[in-house]
Amino acid sequence: MSYARPPFAPPAPNYTTPVLVMGFVNLLWIFGFLWAAFGIQWVLVAGYLLNLAIRWLARRRAA
Numbered sequence: 072m073s074y075a076r077p078p079f080a081p082p083a084p085n086y087t088t089p090v091l092v093m094g095f096v097n098l099l100w101i102f103g104f105l106w107a108a109f110g111i112q113w114v115l116v117a118g119y120l121l122n123l124a125i126r127w128l129a130r131r132r133a134a
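Have a look at this one:
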């Protein structure tokens with residue numbers, strides 16, 4: 072049983088750029104909502120926590 076892609080199948084499209092743009096748009100509206108509802112300090116806290124999570128994932132992948 073072979074799982075190779077058939078020769079007639081078109082290559083999968085590269086969705087990297089649209090995913091990054093939509094992630095940025097979502098981050099902006101979430102930060103905007105937090106700012107409007109709770110103030111800038113909650114945006115700073117959320118950004119810091121997001122930074123910690125990204126750094127933790129990077130360290131975990133490097134190990």
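In the numbering used here, the protein residues as written are 72 to 134.
Glycine included, every Cβ here is placed at the ideal spot set by N, Cα and C.
Predicted, not measured: the structure shown is a model, and the values here were computed from it.
Rounded straight-line distance, which links the Cα of residue j to that of residue i
{"i": "P82", "j": "G94", "result": "24 Å"}
{"i": "R76", "j": "Q112", "result": "51 Å"}
{"i": "R130", "j": "A108", "result": "33 Å"}
{"i": "L98", "j": "A80", "result": "35 Å"}
{"i": "P78", "j": "V90", "result": "28 Å"}
Distance CB(residue i)-CB(residue j) smaller than 7 Å
{"i": "L121", "j": "V114", "result": "no"}
Residue i (DSSP reduced to helix, strand or coil)
{"i": "P81", "result": "coil"}
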